[in-house]
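Read through the structure below, which is laid out as structure tokens, and then see the notes.
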Amino acid sequence: MSKIAELFAVPTRNAADVDWATLVENQQCPYISRKCIKVRKSEPDVSIGTCSVYYGRSEDQILICPNRLLIRRQIFTDCLHLLTLHEPGNELHLIPEVSIPGGSVDYFLVSVNRRRVQDFVGIELQTLDTTGTVWPERQRFLDSVGLATDSRDVISTKRFGMNWKMTAKTILIQLHHKTQTLEFLNKHLVLVVQDIFLDYLKREFQFDHLDSPKLGHPMHFHAYGLNESSTGPASMNLRERLSTDANGIAKCLAGCRKMLCRRFPLGRWS
28 MSKIAELFAV PTRNAADVDW ATLVENQQCP YISRKCIKVR KSEPDVSIGT
78 CSVYYGRSED QILICPNRLL IRRQIFTDCL HLLTLHEPGN ELHLIPEVSI
128 PGGSVDYFLV SVNRRRVQDF VGIELQTLDT TGTVWPERQR FLDSVGLATD
178 SRDVISTKRF GMNWKMTAKT ILIQLHHKTQ TLEFLNKHLV LVVQDIFLDY
228 LKREFQFDHL DSPKLGHPMH FHAYGLNESS TGPASMNLRE RLSTDANGIA
278 KCLAGCRKML CRRFPLGRWS
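What follows is the structure, encoded as structure tokens:
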């Protein structure tokens with residue numbers, strides 16, 4: 028069975044009536060209502076289109092594209108309670124890619140009244156990065172459904188993997204900087220992830236001090252699980268929430284350094 032779980036937002040299993048040729052030709056992502064932005068480095072005009080993959084012995088469905096988290100826009104609805112100054116009648120605006128000290132934030136959900144900002148919450152999306160390339164696996168799937176492909180891709184032995192450690196370390200460092208900014212402004216930042224990734228963070232980093240969600244905390248984690256469907260892409264449901272502050276994120280990173288020191292003591296390299 029193919030390791031590609033979803034291609035251009037369409038499940039690859041139990042999808043016998045799908046017009047794959049048209050999907051691949053159009054290269055459209057329904058979550059952003061335009062062409063898929065994941066392109067091949069060697070062919071920038073060709074979108075890869077892989078939303079999620081099956082990985083590991085248990086074949087967990089793992090999201091590898093942040094835009095996949097945008098399904099039904101549920102993640103934004105689940106942040107409304109953090110707009111503590113929002114009132115009925117205020118307009119809600121969604122603003123993408125806003126630069127702040129410490130980096131840029133994927134989205135800001137903003138409450139506006141009479142053209143004046145009343146409140147806002149920053150929302151970061153994070154899915155797992157891959158190692159290697161998913162292209163041969165993608166092409167093998169397309170070959171299996173009768174589409175013309177390059178035979179060199181189909182027989183390629185190149186594989187892909189999940190870059191758990193680097194994805195985790197990178198996002199925690201970014202969160203530390205951004206949380207400091209939002210905490211100074213007395214606002215909230217939400218990291219939206221898949222539950223399987225949050226489970227990894229809790230195993231490999233120091234997360235014991237994170238609390239059940241509190242409105243007074245500036246940094247919130249929202250973890251979503253997938254509910255596979257035979258009629259469309261898997262839906263998402265909010266399975267776990269945690270919260271902390273900038274110092275709490277720093278403790279997570281301190282736990283990372285201790286973990287690395289235990290695994291790679293200096294004596295091994297002297």
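The sequence shown runs contiguously to residue 297 in this note's numbering. Think of the CB as a built atom: it goes at the ideal place given N, C-alpha and C, for glycine as much as any other residue. Here the structure is a predicted model, which is why all the values come from computation and not from measurement.
CB of V148 within 8 Å of CB of K214, strictly: Cβ distance < 8 Å, so V148 and K214 count as in contact.
CA-to-CA distance, M28 to T154, given in whole angstroms: Computed Cα separation, rounded: 23 Å.
Supposed close pair V161, W47 - CB separation, criterion 8 Å: Contact flag wrong, Cβ pair sits at about 16 Å.
Assigned exposure category for F211 - 16 Cβ within 10 Å defines buried: Exposed.
Backbone CA spacing between L34 and K62 [nearest angstrom]: Straight-line Cα distance between these residues: approximately 13 Å.
6 Å Cβ shell around D170 - same chain, five flanking residues per side excluded: Result list for D170: T176, V181, in chain order.
Beta bridge counterpart(s) of Y134 as assigned by DSSP: Within the DSSP bridge table, the entry for Y134 names P123, I150 as partners.
Beta strand (DSSP E) segment containing I75, residue limits: Secondary structure note for I75: it is in no beta strand (DSSP E), with a DSSP letter that is neither H nor E.
Local Cβ density within 10 Å of G294, reported as buried at 16 or more and exposed below that: For G294, the pLDDT reaches just 45, beneath the cut-off of 50, and the residue's location in the model is therefore unreliable, although a value from the coordinates is still provided. Result: exposed.
Per-residue DSSP class, three states only, for L109: The DSSP-derived three-state label of L109 is helix.
P260 beta carbon less than 8 Å from that of T93: The residue you asked about is not Thr; residue 93 is Pro in the sequence shown. No; because the gap between Cβ atoms is not below 8 Å, this pair is not in contact.
Endpoints, the beta strand (DSSP E) within which T271 is located: Segment 262 to 271, the beta strand (DSSP E) holding T271.
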